[in-house]
Every structure is written in structure tokens, then in C-alpha cells.
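Residue numbers (numbering that gives the first Met the number 0), protein chains in the order written: chain C, 0 to 351; chain P, 0 to 351.
Protein chains: 2
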Amino acid sequence: MIRMKRKITLKQIARELDVSISTVSKALRNSPEISADTKQKVQAFAKLYNYRPNNIALSLKNRKTNTIGIIIPEIVHHFFSKVIRGVELVANKRGYNVIIGLSNESFSKEVINMEMLANGSIDGFILSISKETLQLQDYHHFNETMSQGMPIVMFDRVVSDINCDKVIVNDFGGAKSAVEKLITNGCKSIALITTKDYVSVGKLRTQGYMDALNDAGFELESELILKLDDKLDYEVHLDALENEIEHLFKSNKSVDGVFAVNELYALSAMKVARKLGLEIPKDIQVIGFTDGVLSKHSTPSLTTVSQHAQVMGEKAADLLINRLETEHNENEDETYQTVVIETDLIERKSTK
Amino acid sequence: MIRMKRKITLKQIARELDVSISTVSKALRNSPEISADTKQKVQAFAKLYNYRPNNIALSLKNRKTNTIGIIIPEIVHHFFSKVIRGVELVANKRGYNVIIGLSNESFSKEVINMEMLANGSIDGFILSISKETLQLQDYHHFNETMSQGMPIVMFDRVVSDINCDKVIVNDFGGAKSAVEKLITNGCKSIALITTKDYVSVGKLRTQGYMDALNDAGFELESELILKLDDKLDYEVHLDALENEIEHLFKSNKSVDGVFAVNELYALSAMKVARKLGLEIPKDIQVIGFTDGVLSKHSTPSLTTVSQHAQVMGEKAADLLINRLETEHNENEDETYQTVVIETDLIERKSTK
DNA sequence: ATTTGTCACGAAAACGTTTTCGTGTTAAAA
DNA sequence: TTTTAACACGAAAACGTTTTCGTGACAAAT
Numbered sequence: 000m001i002r003m004k005r006k007i008t009l010k011q012i013a014r015e016l017d018v019s020i021s022t023v024s025k026a027l028r029n030s031p032e033i034s035a036d037t038k039q040k041v042q043a044f045a046k047l048y049n050y051r052p053n054n055i056a057l058s059l060k061n062r063k064t065n066t067i068g069i070i071i072p073e074i075v076h077h078f079f080s081k082v083i084r085g086v087e088l089v090a091n092k093r094g095y096n097v098i099i100g101l102s103n104e105s106f107s108k109e110v111i112n113m114e115m116l117a118n119g120s121i122d123g124f125i126l127s128i129s130k131e132t133l134q135l136q137d138y139h140h141f142n143e144t145m146s147q148g149m150p151i152v153m154f155d156r157v158v159s160d161i162n163c164d165k166v167i168v169n170d171f172g173g174a175k176s177a178v179e180k181l182i183t184n185g186c187k188s189i190a191l192i193t194t195k196d197y198v199s200v201g202k203l204r205t206q207g208y209m210d211a212l213n214d215a216g217f218e219l220e221s222e223l224i225l226k227l228d229d230k231l232d233y234e235v236h237l238d239a240l241e242n243e244i245e246h247l248f249k250s251n252k253s254v255d256g257v258f259a260v261n262e263l264y265a266l267s268a269m270k271v272a273r274k275l276g277l278e279i280p281k282d283i284q285v286i287g288f289t290d291g292v293l294s295k296h297s298t299p300s301l302t303t304v305s306q307h308a309q310v311m312g313e314k315a316a317d318l319l320i321n322r323l324e325t326e327h328n329e330n331e332d333e334t335y336q337t338v339v340i341e342t343d344l345i346e347r348k349s350t351k
Numbered sequence: 000m001i002r003m004k005r006k007i008t009l010k011q012i013a014r015e016l017d018v019s020i021s022t023v024s025k026a027l028r029n030s031p032e033i034s035a036d037t038k039q040k041v042q043a044f045a046k047l048y049n050y051r052p053n054n055i056a057l058s059l060k061n062r063k064t065n066t067i068g069i070i071i072p073e074i075v076h077h078f079f080s081k082v083i084r085g086v087e088l089v090a091n092k093r094g095y096n097v098i099i100g101l102s103n104e105s106f107s108k109e110v111i112n113m114e115m116l117a118n119g120s121i122d123g124f125i126l127s128i129s130k131e132t133l134q135l136q137d138y139h140h141f142n143e144t145m146s147q148g149m150p151i152v153m154f155d156r157v158v159s160d161i162n163c164d165k166v167i168v169n170d171f172g173g174a175k176s177a178v179e180k181l182i183t184n185g186c187k188s189i190a191l192i193t194t195k196d197y198v199s200v201g202k203l204r205t206q207g208y209m210d211a212l213n214d215a216g217f218e219l220e221s222e223l224i225l226k227l228d229d230k231l232d233y234e235v236h237l238d239a240l241e242n243e244i245e246h247l248f249k250s251n252k253s254v255d256g257v258f259a260v261n262e263l264y265a266l267s268a269m270k271v272a273r274k275l276g277l278e279i280p281k282d283i284q285v286i287g288f289t290d291g292v293l294s295k296h297s298t299p300s301l302t303t304v305s306q307h308a309q310v311m312g313e314k315a316a317d318l319l320i321n322r323l324e325t326e327h328n329e330n331e332d333e334t335y336q337t338v339v340i341e342t343d344l345i346e347r348k349s350t351k
């Protein structure tokens with residue numbers, strides 16, 4: 000049976016050594032007020048009993064928790080977990096902890112989670128907006144949080160209505176250069192597989208696609224654009240997804256290039272193409288938009304637009320902590336910045 | 000410019016309403032001591048100003064944070080992120096928050112992270128041991144944490160030296176039934192691709208493999224066992240991994256079945272097999288051990304042993320919270336339990 | 001002998017709660 | 001009229017820190 004020795008406090012040290020709590024505190028912080036003798040005695044005792052200041056008490060006293068709250072729609076997702084890793088990395092380096100909340104793409108869970116954390120548990124938020132919130136366009140909880148003096152940094156899924164620091168991917172540019180790559184590689188009829196427009200990133204990627212076609216003098220054919228309703232969880236209903244894509248291919252036999260706004264769509268496109276007897280990349284070339292793990296290990300491996308998720312997390316954490324650690328004058332107008340992370344085109348075997 | 004209205008406290012409400020702090024507190028908690036009039040007044044005021052008790056102050060007062068600390072080796076990993084989701088799910092349901100720390104497979108980071116959180120930030124730990132810690136076999140930080148009265152629940156990577164609640168996968172059984180499946184499917188020469196033995200799960204899966212062969216009257220051929228050093232990050236050095244596997248196949252042409260202890264090894268085996276002109280599952284059948292996303296989307300899709308990561312997380316959270324919420328008599332000997340999560344064989348296209 | 005100054009330490013407040021106990025006021029019982 | 005009881009509220013302690021300010025002892029300077 001293990002001997003229980005509860006964490007020791009200043010008060011207990013003070014009692015043992017027959018000095019006051021203040022003296023112990025000062026001795027441990029090496030205050031010049033305290034004599035060398037006493038310091039030595041106190042420090043030795045503290046080390047022996049492995050004294051560590053209680054974080055909660057410190058948080059209360061300093062009105063600062065040194066903890067960052069992350070709210071994301073889903074954690075079982077490479078993009079988001081990479082962002083978390085980035086946040087954790089710089090947070091830890093700068094002396095902060097990270098506490099996570101999952102909204103599960105639900106508005107109410109997002110609100111509840113934020114309220115729980117906002118009541119003193121954390122100093123600021125890093126978050127990506129849930130799909131439901133984006134649809135409802137109800138952003139009161141963000142504004143309320145910020146009006147209470149708690150800063151927010153949004154990443155990836157952001158919205159221009161909210162005034163705060165943001166870290167976003169150059170979705171437009173990434174999509175455009177992907178499509179340009181397809182054009183350069185000789186594609187004449189390029190399909191787009193995307194989501195409904197309310198998710199800002201889907202919209203921007205669609206615009207990048209259109210812009211690239213436009214610049215190259217291609218005509219925009221709406222039959223080549225497949226807008227999927229991501230209400231449906233295609234991880235579960237893979238066949239539904241594949242049917243949609245198969246329909247696209249069959250009614251547009253000339254398609255020789257595909258740009259998909261995420262990894263799953265791209266892989267499904269490749270799968271369907273193969274099923275229809277098309278060779279990749281000879282007959283049809285495919286590019287996805289993602290930071291996922293599937294691309295690298297698919298057959299053929301998938302050329303993708305990398306979003307540098309971890310860098311986004313790091314940047315978001317830096318933005319937040321910088322704001323937390325600069326004195327904000329009461330009446331000075333805050334000025335927020337939006338950091339754009341550039342994408343990289345990672346060429347693999349699904350393009351020529 | 001947004002108007003700043005800092006979070007309101009009991010003291011401020013008390014001052015505004017010209018009553019004492021105690022009265023406000025009691026009124027809000029509907030104490031019978033307080034008159035209906037006063038209650039009404041206080042509650043209305045509190046609602047108007049959206050009063051919420053400060054979590055930190057409550058934690059300090061109650062010596063209970065209602066927060067769980069998770070320490071995992073890596074978050075960009077489907078297995079671990081699914082576990083987190085499970086933990087988060089039941090933690091939230093039961094009124095707890097989750098704070099994460101990444102050890103990054105490093106002993107020192109594991110120790111530091113635990114110390115940070117153990118100083119009052121959390122009520123208990125859920126963790127999976129880092130590889131480096133497993134190698135060093137230095138578990139003092141776990142024992143110290145527990146001796147301070149902070150419970151630990153370990154999952155997946157556990158060690159029998161430590162006395163605490165545990166949630167593990169039936170690695171032995173899962174591996175055994177996978178290999179049995181291969182045997183049933185007609186495989187005569189089954190290779191094993193595994194890791195070095197210090198990670199307990201690798202060891203157990205290897206034993207499952209051997210036991211299945213043994214039961215079936217097969218002879219154990221050591222050339223069929225490939226033990227890979229996972230010091231090398233094979234995500235980065237994929238070619239090195241594939242070379243090893245290619246060597247295995249070339250020097251054992253008779254191999255018609257492969258059991259791999261993780262997803263990456265299994266996929267690489269399939270890739271190499273294809274490269275060598277073997278058809279899957281006709282010429283060679285492959286089964287992996289994982290909860291990952293690659294298996295489902297690979298070509299052919301991979302038959303795997305599912306570990307039910309989310310269930311592990313849920314179970315671990317329940318174990319921890321149960322322990323936190325039962326009065327533990329000072330001198331009563333604690334008794335710990337180990338929950339074994341059974342695996343499922345998910346049959347896909349890499350087996351007949 | 002008195003003033004000044006330094007040294008080494010302790011008391012107390014503060015952070016935001018909850019809770020125990022005490023107390024003044026009023027109405028009912030003796 | 002006096003005692004008792006219920007009622008409604010406030011003071012204070014506690015959780016574990018840090019920090020400001022005050023103070024007693026002693027030595028040095030006047």
C-alpha cells in the first residue's frame with residue numbers, strides 16, 4: 000500500500016519551520032528581504048517535500064490561467080489534429096496549457112463548451128466554427144466572449160462578420176494553382192467536386208477553380224461542377240458519394256481532370272475512374288485539397304494542395320499569446336490581423 | 000468598438016444591490032435562508048448581467064477542478080484522436096473538461112507535462128505511455144503522482160509494474176483470430192510484420208500470431224517474422240520500410256499471408272506485393288491491426304482488427320470519474336481493475 | 001542619549017467562491 | 001410583560017498564493 004502524502008502547501012511549510020507564510024513565499028522566490036539562513040532552510044525543506052505552487056491558487060490570484068481553450072468541430076480528422084499539435088507546440092513553449100472542446104459540428108455544443116471554458120478556466124480561445132453555426136449565422140457567443148475581454152483567434156473556418164485575429168489558408172490561391180497545374184498538364188475538361196457554399200473554404204476553392212479556368216480561356220460548364228451536400232456523412236455513405244461521382248463521369252465522358260476540395264472526394268473520384276476503366280494519370284488526372292494521410296498512401300498516390308495545418312496552429316497560438324501578453328489600453332482601438340498561410344502543391348502520381 | 004463589460008462577480012452584485020456577498024451567494028443557490036423578495040431581486044440582477052460563477056474560484060474552494068488530464072504520445076494519429084473523442088464525450092456528459100498534453104514519445108516531455116498538470120490543474124490522469132518511457136522503464140512519475148492522491152487510468156500502452164486502473168485492447172486475442180482467419184482462408188505460409196518487443200502491444204500481438212500458428216500445427220519459421228525498429232519514423236522513410244518488406248518477400252517466395260501489427264506496415268506489404276506481381280487477395284492475403292482510416296480507403300481495402308479506440312476512451316473516462324467520485328477511505332486498500340476491450344475483425348477485400 | 005537607518009520578518013489584503021455561525025428583528029407563546 | 005422561536009441576513013473563515021506595508025531589534029551616526 001502506497002503511503003499517501005498530499006501535496007504540501009506554503010502554510011504547512013510555515014508551520015513546520017515556525018515562520019510565517021509570507022516568509023516562506025519570499026524565501027522560495029529568493030526575495031532579498033529574507034536572510035540567507037532562512038532562505039536556505041526553507042528551500043531545503045521545500046525541495047525535500049517537492050513543493051510546487053498550486054496552479055489554481057496562482058490563477059485566482061493573478062487572474063490569469065495560462066491556459067488556452069481550443070474549440071474544434073471534430074478531433075478525429077487529420078487537419079484538426081495537426082492544428083492542435085501546432086497549438087500545443089508553441090503553447091507549451093510559451094508556458095501555456097491547452098484545453099480542448101469539441102463542438103461536433105453542433106451550434107449548441109459550441110456555445111455550451113465556450114461558456115464552460117469562458118468562466119475563468121482559460122485566457123483565450125482558438126477555434127474553428129462549426130458547420131451548423133455557419134449555417135445559422137448566429138455569432139452572438141463569439142461577440143459576447145470577446146466583449147468580456149477574452150480574445151479569440153479563429154482559424155480555417157472564419158467569418159468576416161467577426162472582428163478578431165484570424166489564420167486562414169489561401170484557399171483561393173491553392174485551388175487556382177491546382178487547376179492551373181491540371182491545365183498545364185494538358186487537361187481540357189476539368190471537373191470540380193466541392194461542397195455547398197456555406198462553408199467559406201468550399202466557396203473560396205470553387206472560386207479559385209473558376210478563376211483558373213477563366214484565365215486560361217476555358218468555358219465554364221456547370222455540369223462539370225458537382226456540389227455535394229455534406230450534411231450526409233460520406234465516410235459512412237461512401238457508396239452514395241461514389242454514385243454521384245459516377246454519374247458526373249458518365250454524363251461528361253470528356254472529363255480528363257478532376258479537382259476535389261477534400262481528400263475523400265479525390266480518392267473516391269480515383270476509385271470511380273478506375274472502375275470505369277480510366278487510367279490515372281494517363282486518361283484522367285486528379286488533385287485534392289488536404290493535409291490528410293490518405294493522399295500519400297493511396298494508389299496512385301494523390302497530388303494535393305497542402306494546407307500546412309500545423310503551421311496554422313502554431314501561428315494561431317502565437318497570435319493569441321501575443322495578444323494576451325501585450326498590455327491592452329482600455330480605450331485604444333484594437334486592431335486585428337488576418338494571417339494567410341500559403342499552400343503548397345505536392346505532386347504525386349495522380350498527375351502527369 | 001465593442002463595449003467592455005468584464006465578467007461580473009458576487010461582490011459587485013452585492014455592492015449594487017446593497018446586500019452582503021453571502022446573501023447573494025445564497026440567493027442564487029436558492030437557499031431557504033433568504034426571503035423570496037431578495038431572491039427575486041438578486042436572481043433577476045444576476046440573469047441580467049449574465050452572472051456565472053468563476054470556475055477557478057470554485058476549484059480552489061472545492062479542491063476539485065472537474066478537469067481530466069490526458070497525456071498521449073501523439074495526437075496526429077487516428078487511434079489516439081479517437082480515444083480522446085471517447086474521453087471527451089463521457090467527460091463532458093459527466094461535467095468534466097479535458098486538458099491535453101503531448102509527450103511526443105519523449106520521457107522528459109511526459110514527466111514535465113504531468114508535473115505541470117498535477118499541480119492543481121486537474122483531478123486525475125488518463126494516459127498512454129510514451130515509447131521512450133517504456134524503454135527506460137522509469138515509472139517514478141506515475142507512482143509519485145498516484146501517491147499524492149491523484150488517480151491515473153492507463154490505456155493501450157500499459158505496464159504491469161504500475162498499480163492503477165487500465166483499459167487495454169485484447170491484443171493477443173485480436174492477433175490470434177486474425178491469423179486464424181488467414182489459416183482458415185487457406186494460407187500456408189504466413190508472415191508477421193511487427194515492431195520490437197518493448198512496446199507491450201507489439202509483443203502481445205506477436206504472441207497471438209505464434210499461438211495461432213501453433214494451434215494449427217504450423218511450424219514457426221523465424222524468417223517469416225520481420226521485426227522493425229520503430230525508432231525510424233517510417234512515415235518519413237517509407238522506402239526503407241518497403242525495402243525491408245521486399246526483402247522478406249523475395250527470400251520467402253512461398254508467403255501467401257501477411258499479418259501486420261499496424262496499418263502502415265499492412266499497406267506497405269500490399270504495395271510491395273503488388274510491385275512483385277502478386278495479386279491480393281488471390282496470391283497473398285493481408286490483415287492489419289488498427290483503427291485507422293487508411294484501411295478503408297486503400298486498394299484493395301484492408302481487412303483489419305479493429306480496436307474500438309473510442310470505446311477505450313469512454314471506458315477510461317468512466318473508470319477515472321468513478322474513482323474520483325467515490326469516497327476513498329484513507330486506510331482502505333484500493334483495488335484496481337483492468338478492462339479488456341475485445342477486438343473485431345473487419346473483413347474487407349484484402350482477404351478471400 | 002537620542003536619532004536614523006538597515007535588516008528580517010509578520011500581518012493582512014486580495015483573487016471569487018461557499019458555508020458555518022452569530023445576531024438583530026419581529027411575532028407568537030407563556 | 002417576558003420568554004421563545006422563526007426569520008433574514010451578515011461576518012468571517014477557508015481554499016493557496018503573492019505582495020504591500022508595518023514593526024521590532026539592533027547597529028551606526030549624531
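Note that the Cβ used here is the ideal one computed from N, Cα and C, for glycine as well.
- A straight line joining the alpha-carbon of Ile69(P) with that of Asn169(C) spans about 33 angstroms.
- Taking 8 angstroms as the cut-off, the beta carbon of Val41(P) is found closer than this to the beta carbon of Leu27(P).
- Annotation for Met153(P): the continuous beta strand (DSSP E) segment containing it runs 151 to 154.
- In this structure, DSSP gives Asp17(C) a state outside helix and strand, which the three-state scheme calls coil.
- With its beta carbon less than 8 angstroms from one in chain P, Ala56(C) belongs to the interface.
- Under the 10 Å beta carbon count, Ser294(P) is surrounded by 16 or more other beta carbons and is classified as buried.
- Secondary structure of Val235(P) (DSSP, three-state): coil.
- Secondary structure of Gly207(C) (DSSP, three-state): helix.
- Proximity of chain P to Met115(C) at the Cβ level (cut-off 7 angstroms) is accounted for by Asn96, in chain order.
- For the region 118 to 133 of chain P, the set of residues with a beta-carbon nearer than 8 angstroms to any beta-carbon of chain C comprises Asn118, Gly119, Ser120, in chain order.
- Between Asp255(P) and the set Met269(P), Leu263(P), Glu262(P), the nearest pair of CA atoms involves Met269(P).
- Each residue's CA atom was taken as its position, placing Gly148(C) and Arg5(C) some 36 angstroms apart.
- Following the DSSP letters along the chain, one finds Thr132(P) inside the alpha helix (DSSP H) bounded by residues 130 to 135.
- Closest by C-alpha distance to Val292(C), out of Ala174(C), Asn53(C), Lys281(C), Val304(C), is Val304(C).
- Among the residues of the region 283 to 303 of chain P, those with a Cβ less than 9 angstroms away from any Cβ of chain C are Gly291, Val292, Leu293, Lys295, His296, Ser297, Thr298, in the order of the chain.
- Taking a Cβ-Cβ cut-off of 8 angstroms, the neighbours of Lys4(C) in chain P comprise Ser146, Gln147, given in sequence order.
- In the three-state reduction of the DSSP assignment, Leu277(P) falls in the coil class, being assigned neither a helical nor a strand state.
- Partner residues in the beta bridge of Ser305(C), as assigned by DSSP, are Asp343(C).
- Ala190(C) and Tyr264(C) have their C-alpha atoms some 12 angstroms from each other.
- Contacts between Asn61(C) and chain P, judged by CB atoms closer than 8 angstroms, are missing: the closest CB pair is about 10 angstroms apart.
- In this structure the region 301 to 319 of chain C lies against the region 79 to 95 of chain C, because at least three pairs of beta carbons, one per stretch, are closer than 8 angstroms.
- Under the 8 angstroms criterion on CB atoms, Ile182(C) is classed as non-interfacial with respect to chain P.
- The Cβ-Cβ distance between Lys175(P) and Asp210(P) falls below 8 angstroms.
- Nearest to Ser300(C) by alpha-carbon distance, out of Lys249(C), Ile279(C), Phe78(C), is Ile279(C).
- Looking only at Ser159(P), Gly207(P), Lys195(P), Asp196(P), the smallest Cα-Cα distance to Leu181(P) is reached by Gly207(P).
- For Gly173(P) and Glu324(C), the gap between their C-alpha atoms comes out near 51 angstroms.
- If you look at Lys226(C), you'll find it in the beta strand (DSSP E) that goes 224 to 227.
- At a cut-off of 8 angstroms between C-beta atoms, His140(P) does not count as an interface residue with respect to chain C.
- Within its own chain, the residues whose Cβ lies closer than 7 angstroms to the Cβ of Ser105(P), once the five positions on either side in sequence are excluded, are Ser129, Glu131, listed in chain order.
- Among the residues of the region 76 to 107 of chain P, those with a Cβ less than 7 angstroms away from any Cβ of chain C are His77, Ser80, Lys81, Ile83, Arg84, Glu87, Asn96, Val97, Ile98, Ile99, Leu101, in the order of the chain.
- Going by DSSP, Gly68(C) is part of the beta strand (DSSP E) stretching over 66 to 71.
- Excluding residues up to 5 positions away in sequence, Asn162, Cys163, Asp164, Lys165 lie with their Cβ nearer than 8 angstroms to the Cβ of Tyr335(C) in the same chain.
- Interface criterion not met: the Cβ of Thr337(P) is under 8 angstroms from no Cβ in chain C.
- Asn321(C) sits in a helix when the DSSP states are folded into three classes.
- Rounded to the nearest whole angstrom, the CA to CA distance from Asn53(P) to Arg93(P) is 19 angstroms.
- Within the same chain, Cβ atoms closer than 6 angstroms to the Cβ of Leu203(P) are found at Asp170, Phe171, the five residues on either side in sequence being excluded.
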